[in-house]
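Asks: Sequence lines, in order, name chains A and B. The opening position of the first sequence corresponds to residue 850 in the numbering used here, with each subsequent residue numbered one higher. The opening position of the second sequence corresponds to residue 387 in the numbering used here, with each subsequent residue numbered one higher. Glycine included, each C-beta is placed from N, C-alpha and C at the ideal position.
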Amino acid sequence: MTANTTTSPTNGFELDFERPLIQLERQIAELESHAGQTGLNINTELRKLRQSHTSMLKKIYGQLGAWNTIKVARHPARPQSADYLRMCFADFCELHGDRRYGDDAAILTGFARVGPYKCLLVAHAKGKDVKERIRCNFGMPHPEGYRKALLKMKLAEKYGLPIVTLVDTPGAYPGVGAEERGQAQAIAQNLMEMSRLKTQILTIVIGEGGSGGALGIGVGDRMAMLQYAWYSVISPEGCSSILWKTGASADKAAEALKLTAKDNFKHGVIDGIIEEPLGGAHRHPELMADRVQKWIVQNIRELKRFKVDNLVNRRYEKIRKIGKFVEEQASA
Amino acid sequence: MKVRKVSKQFSVFMLKKSDVFFRVFSFFLWRFSLFEALCGQKCLSNPMKWDNFRCDGPRYFRGVLLGATSGGLTKWGLCGYNHFLLTWLLLNCLSPNPQEDSLAKQTPPEARPKKSSKAASKKSSNAKKSSRSSKAEKTRTWEQVVETGKRTDIPEGVWMRCPVCAAMVYQKNIEQNLHVCTECEHHLRINADQRAEQLCDPDSFEPLWENLAPVDSLNFSDLKPYKDSLASDRKKTGHADALVCGKGFIKGRGVVLACMDFRFRGASMGSVVGEKITRSIELATELDLPLIVVSCSGGARMQEGSLSLMQMAKTSAALSRLDDAGGLFISVLVDPTTGGVTASFAMLGDVIIAEPKALIGFAGPRVIANTVREELPDGFQRSEHLLEKGFVDRVVHRKDLRSEISRVIDYAGK
Ligand SMILES: [Zn+2]
C-alpha cells in the first residue's frame, strides 16, 4: 500500500491543487532510492514524510471544492470503464452494433460476469491514449451508441440478466451527424424503455455524468456515484457560457450546480455514494475497483429478491418522486 | 316560389310546399344553428374561416342566435333566404375594421373624452384630437365592446415588424392570423395562454395545478439569484412556472393539454414543469384521454441542477405507462424545442407534429457550430429538415393544428 502511495500514480499529470502533494511524493521517492543505494537507515525520516503526505492528502481531499472535484473526475489517470471491466468483471463478451446504422465505440456493451452473477455491462468508454480517445470520441456517444445500448439491454431483459451501467461522459456528442440521426430521440427512447425494462438495472457514475448523455444509459433501480464523480444537467463550462455569458466562470458554475456526489445524494437524485480511497480513485485503482465490485454484487443480490413487476413499479415510484417544488395553498 | 321585394336591398322568398329543396335546406340550416347555439360548436356560422377565426363569447352567441332565428324563420317559410345571407354577412363583417380600430388606439388615452368635468375642459383645448377620438368611439366595434382583460399581455402598439421578412404588419391582423406573419407565414412565438386558447374550443380550457411553484433548492445564483428571476418571470407571465396544463376540448374532443411558455426562463424544464407534465400524463392515462403537449423549450433548467435532469427520466417513465395503457400522445413541437425537453417527452410522441421552420434539436446550433468548427447547412435542425430525416410525422401550419390534431385523435379512436 505504501509503495503505491509513493510511486506517483498521476502519469506525469498534475492537478494544480495537488502540486505540494506531488512534490512531497517526489521527495519520498528520491529518499527511498537514495536509501536503497546507500543502505542508510532513514526509516524514521521516511515515516515522517509519509505521515505528512497522508495528512496533506486528507486535508486536500477533505475539503475538495466542486471545481476541484471535476478536475479529479477528469484526471487522465482516473480508472475508466475499461479498467473496471478488467478489474471487476470477468469473461467479457463484447456485443457490437445497433443493427441500424453502426457501432459506436463511445458506448461499450457486452455480457460479463461480476462476482457470482452474469450481467450485461453498458458503459461509456473514453479511451486511454490519443488514438483510442479519438476512436471513442472522448466518451461522447452518437445516437447509434444509445440505440446499441437499448438493443443489448432488451437482450438482457429477454434473458433475465441484470444490467450494470457505468456512466462516464462529458455529454452526448453535439455534431451535425448526431443531430441528423436523432440524438434527442435516441436518448428519449432509452429513458422511456429503461424505465420499464423488466430486469434489474444498476448505474454507477464513475467519472463524469454530463447531462442527457449520461442519463441516456442511467435510468435504473439503484444509482450510485463515486465520491469524486460529478453528475449534473449540464457541464460547468456549458452552464458558465450560458448563464455567465463567458466560459471563464466554470468554477463558479460548478459550485452553483451542486454536482458532487454528496449534493446529489442530499437531493435524492442518487441512492448511494461509493467512497473513494484516500486521494481519489486514480491513486488506488485496485482498491476502488474492489469497492465498486462489492457495491454491484450487493445490490444485484438485493434487487434479485424482488419480483420483476414489483421491481419495475418500485423503479417508477423512485423516479416519480424526484423533484422539489411547493404546492401553494390558494389564497382566495 | 314567390319573390317579394320589400325594399331596395331586401327581398323575401315566400316558400310554397312544392319548394322541396329550400325546405330541406332551411330545415338543416335551422338544426345546425340550434346545435351550435346549444353545444357551442362552430359548424355553420363561419364556414369560410373555420379555424383561423376566433370570436369572443358574447359576439359569438349573438351571431349564433341570429343564425338560429333566421334559420328557423326560413324553415317555416316566414322569412327569406336573404335573411340567412344577411346573418352570414353580419357575422363576417362585424370583425373590426383595422383602420378605425387603430385610430382609436393611436389616440392617447388622456385625449379621450371622459365623463368627468375635467375632461370637458380639456375638450375645448384639444378640440381637434377629441373630435377624432369621439369619432373613434362612435365607431366602436364588437372587438372593443366584448374586450376582456385577456389580451393585456400583448405589447401595445399597432404596427409590428416581422422578424423574418421585416415587413410592417398590423398587430391586429397578426393576432387574427393566429400570430402568423401575413406576409411570409412566419410563425411568431406565442405564450402558453394564447396557445391553449388557439387550440381549444372557446372557453373550454381549464388549467390544472396552477398552485405548483418552484423552489430554489440549490440556492442557485449566477449573475442574478434564481429566486429573483423566478419572481420577475412570474410577474411577467402570471404563472408560477413555465408550463400551463389542463383539460380542454379540441373540436369537441376531450384532451389533456400542456403548453410550455417560452417567456418563463426560456420554458426550461425544472421540477415543476416535470411534475406538471407527469401529472398530465398520469391524468391522460387515468381518464383515457389523448395527451397533447406543445413543447418549446431551451432544455432542462440549469438552475435546478440534476433535479431537472431527472425530470427527463420522470416524464419519460410516465409516458411509458401511458404507452402501456394504449394511450395517445401527440407531441407538438414549436420554435424552439431543444435540449432535455427534446431528449425526453417531446420526441416520445406517438405522433409528432411540428410547426413550419421551428428549430428542433438536442444541442443548440451555436454549440454544434463551436464543436464541429464549420458552418451549419441551411435549414439545419428546422422542422422540414427533421421531417426529411424521419424524426417528425408532419409539419403543420398553425391554422391547421386544431384540425390535424382532431384528425389524429379520430384515427386513434380516442
Ligand atoms: Zn414575415
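1. Between C570(B) and ligand 1, is the CB less than 7 Å from at least one heavy atom?
2. Using a Cβ-Cβ cut-off of 8 Å, state whether S1060(A) counts as contacting chain B.
3. Is L553(B) near ligand 1, in the sense that its beta carbon is under 7 Å from a heavy atom of that ligand?
4. Measure the alpha-carbon distance for L1108(A) versus A1037(A) and round it to whole angstroms.
5. What whole-angstrom Cβ distance do V1110(A) and A1078(A) have, given they're in contact under 8 Å?
6. Ordered along the chain, which non-local residues of its own chain (more than five positions away) have a Cβ less than 6 Å from that of S1081(A)?
7. Are the Cβ atoms of V601(B) and M646(B) separated by less than 8 Å?
8. Any beta carbon from chain A within less than 8 Å of Q584(B)'s own beta carbon?
9. Rounding to the nearest angstrom, what Cα-Cα distance links M696(B) and S789(B) in this structure?
10. Against L693(B), what residues of chain A qualify as contacts under a CB-to-CB distance less than 7 Å, listed in chain order?
11. Using the beta-carbon count (16 or more within 10 Å), is D627(B) buried or exposed?
12. What's the call for S517(B), buried or exposed, on a 16-neighbour Cβ count within 10 Å?
13. Could you round the C-beta distance between K997(A) and T958(A) to whole angstroms and report it? I think they count as a contact, below 8 Å.
14. Tell me whether V1082(A), by its Cβ, gets closer than 7 Å to a heavy atom of ligand 1.
15. For S769(B), count neighbouring Cβ atoms within 10 angstroms of its own Cβ and tell me buried if that reaches 16, exposed if not.
16. What do you reckon, are the CB atoms on S666(B) and F1174(A) nearer than 8 Å?
17. By the criterion of Cβ-Cβ separation under 8 Å, what are the contact partners of K775(B) in chain A?
18. By DSSP, does R962(A) sit in helix, in strand, or in coil?
19. For the stretch 592–607 of chain B, which residues have a CB atom closer than 7 Å to at least one CB atom of chain A, in sequence order?
20. Can you tell which of R639(B), K621(B), L643(B) and T728(B) has its C-alpha closest to the C-alpha of V630(B)?
21. Measuring alpha carbon to alpha carbon, tell me which residue in M1043(A), S1084(A) and R1030(A) is nearest G776(B).
22. Less than 7 Å separating the Cβ of C968(A) from some heavy atom of ligand 1?
23. Going by the beta-carbon positions, is the gap between V1141(A) and I1123(A) smaller than 8 Å?
24. Distance check for H924(A) and N892(A), CA to CA, integer angstroms please.
25. Roughly how many angstroms lie between the CA atoms of V979(A) and F987(A), to the nearest whole one?
26. Starting from the C-beta of I636(B), find all residues in its chain whose C-beta is less than 8 Å away, skip the five residues before and the five after it, and write them out in chain order.
27. Does L1160(A) have its Cβ less than 8 Å from a Cβ in chain B?
28. Apart from the five residues on each side of it in sequence, which residues of its chain come closer than 7 Å, Cβ to Cβ, to Q767(B)?
29. If we define contact as Cβ-Cβ less than 8 Å, is F748(B) a contact residue for chain A?
30. Hey, does V1054(A) have any beta-carbon neighbour from chain B nearer than 8 Å?
31. Could you work out which residues of chain A lie near A886(B), taking near to mean beta carbons separated by less than 9 Å?
32. Taking 7 Å as the cut-off, is the beta-carbon of C682(B) closer than that to any non-hydrogen atom of ligand 1?
33. What are the start and end residues of the beta strand (DSSP E) that includes C645(B)?
34. Measuring only between beta-carbons, confirm whether I956(A) sits less than 8 Å from chain D.
35. Suppose the cutoff is 6 Å on Cβ atoms and the five residues either side in sequence are ignored; what does the same chain contact list for V1054(A) look like?
36. List the whole-angstrom C-beta distance separating S904(A) from H973(A), where the pair is believed to meet the contact cut-off of C-beta under 8 Å.
Replies: On the basis of the data shown:
1. Within the second sequence, residue 570(B) is the residue found at index 184, counting from 1. Indeed, a heavy atom of ligand 1 lies less than 7 Å from the Cβ.
2. Here residue 1060(A) refers to the residue found at position 211 when the first sequence is read from its first residue. The C-beta of S1060(A) comes closer than 8 Å to at least one C-beta of chain B.
3. Here residue 553(B) refers to the residue found at position 167 when the second sequence is read from its first residue. The displayed chain sequence assigns Ala, not Leu, to residue 553(B). The beta carbon of A553(B) sits closer than 7 Å to at least one heavy atom of ligand 1.
4. Start at 1 with the first residue of the first sequence, and residue 1108(A) comes out as number 259. Start at 1 with the first residue of the first sequence, and residue 1037(A) comes out as number 188. Each residue's alpha carbon lies about 22 Å from the other.
5. Position 261 of the first sequence, counted from the start, is the residue given in the question as residue 1110(A). Position 229 of the first sequence, counted from the start, is the residue given in the question as residue 1078(A). Just to set this straight, residue 1110(A) is Ala in the shown sequence, not Val. Contact flag correct, Cβ pair sits at about 6 Å.
6. By 1-based counting over the first sequence, the position of residue 1081(A) is 232. Excluding residues within five positions, the ones whose Cβ falls inside 6 Å are L1106 and L1108.
7. Here residue 601(B) refers to the residue found at position 215 when the second sequence is read from its first residue. Here residue 646(B) refers to the residue found at position 260 when the second sequence is read from its first residue. No, the Cβ-Cβ distance between V601(B) and M646(B) is not below 8 Å.
8. Along the second sequence, read from residue 1 onward, the residue named residue 584(B) stands at position 198. Not closer than 8 Å to any Cβ of chain A, the Cβ of Q584(B) fails to qualify, so no.
9. Numbered from its first residue, the second sequence carries residue 696(B) at position 310. Numbered from its first residue, the second sequence carries residue 789(B) at position 403. For M696(B) and S789(B), the distance between alpha carbons rounds to 34 Å.
10. Numbered from 1 along the second sequence, position 307 holds the residue referred to as residue 693(B). Residues of chain A whose Cβ lies closer than 7 Å to the Cβ of L693(B) are, in chain order, H1116, V1118, I1171, G1172 and K1173.
11. As a first step, residue 627(B) must be located in the second sequence, where it is residue number 241. D627(B) should be labelled buried.
12. For the purposes of this step, residue 517(B) is taken as the residue at position 131 of the second sequence. For S517(B), the pLDDT reaches just 43, beneath the cut-off of 50, and the residue's location in the model is therefore unreliable, leaving the point undetermined.
13. For the purposes of this step, residue 997(A) is taken as residue 148 along the first sequence, with counting starting at 1. For the purposes of this step, residue 958(A) is taken as residue 109 along the first sequence, with counting starting at 1. Contact flag correct, Cβ pair sits at about 6 Å.
14. For the purposes of this step, residue 1082(A) is taken as residue 233 along the first sequence, with counting starting at 1. For V1082(A), the Cβ stays outside the 7 Å cut-off from all heavy atoms of ligand 1.
15. The sequence position of residue 769(B) within the second sequence is 383, counting from 1. Answer is buried; the Cβ neighbour count reaches 16.
16. Here residue 666(B) refers to the residue found at position 280 when the second sequence is read from its first residue. Here residue 1174(A) refers to the residue found at position 325 when the first sequence is read from its first residue. Not a contact, by the Cβ cut-off of 8 Å.
17. Your numbering for residue 775(B) matches position 389 in the second sequence. The answer, in chain order, is E1029, R1030 and G1031.
18. Your numbering for residue 962(A) matches position 113 in the first sequence. Of the three classes helix, strand and coil, the one that applies to R962(A) here is strand, per DSSP.
19. N597, L598, A599, P600, V601, S603, L604, F606 and S607
20. Here residue 630(B) refers to the residue found at position 244 when the second sequence is read from its first residue. Selected option, being the one with the closest Cα: L643(B).
21. Sequence index remark: in the second sequence, residue 776(B) carries index 390 (1-based). The candidate whose alpha carbon is nearest that of G776(B) is R1030(A).
22. Counting from 1 along the first sequence, the entry for residue 968(A) is found at position 119. Outside the cutoff, so no.
23. Here residue 1141(A) is taken as the residue at index 292 of the first sequence, counted from 1. Here residue 1123(A) is taken as the residue at index 274 of the first sequence, counted from 1. Contact annotation: V1141(A) and I1123(A) have beta-carbon atoms nearer than 8 Å.
24. Residue numbering aside, residue 892(A) sits at position 43 when the first sequence is read from its first letter. Residue numbering aside, residue 924(A) sits at position 75 when the first sequence is read from its first letter. About 32 Å.
25. Numbered from 1 along the first sequence, position 130 holds the residue referred to as residue 979(A). Numbered from 1 along the first sequence, position 138 holds the residue referred to as residue 987(A). Their Cα atoms are separated by approximately 9 Å.
26. Within the second sequence, the letter at position 250 stands for residue 636(B). L585, C586, D587, L643, I678, R788, I791, S792 and I795.
27. For the purposes of this step, residue 1160(A) is identified with residue 311 of the first sequence, where counting begins at 1. Chain B contact via Cβ: absent.
28. Reading the second sequence from its first residue, position 381 is the one you call residue 767(B). Cβ within range, chain order: L745, I746, G747 and P751.
29. Position 362 of the second sequence, counted from the first residue, corresponds to residue 748(B). With 8 Å as the cut-off, F748(B) counts as an interface residue toward chain A.
30. The sequence position of residue 1054(A) within the first sequence is 205, counting from 1. No, V1054(A) does not count as interfacial toward chain B.
31. Nothing in the structure corresponds to residue 886(B), since chain B is present only between 387 and 800.
32. For the purposes of this step, residue 682(B) is taken as residue 296 along the second sequence, with counting starting at 1. Checking the Cβ of C682(B) against ligand 1 gives no.
33. Here residue 645(B) corresponds to residue number 259 of the second sequence, with the count starting at 1. Counted as a single uninterrupted DSSP element, the beta strand (DSSP E) harbouring C645(B) occupies residues R639 to M646.
34. In summary, chain D is missing from the structure at hand, where the protein chains are A and B.
35. Against the first sequence, residue 1054(A) aligns to sequence position 205. Same-chain partners within the cutoff: V1016, M1074, A1078 and Y1080.
36. As a first step, residue 904(A) is located in the first sequence; it is residue number 55 there, counting from the start. As a first step, residue 973(A) is located in the first sequence; it is residue number 124 there, counting from the start. Their Cβ separation, rounded to whole angstroms, is 35 Å, which puts S904(A) and H973(A) out of contact at 8 Å.
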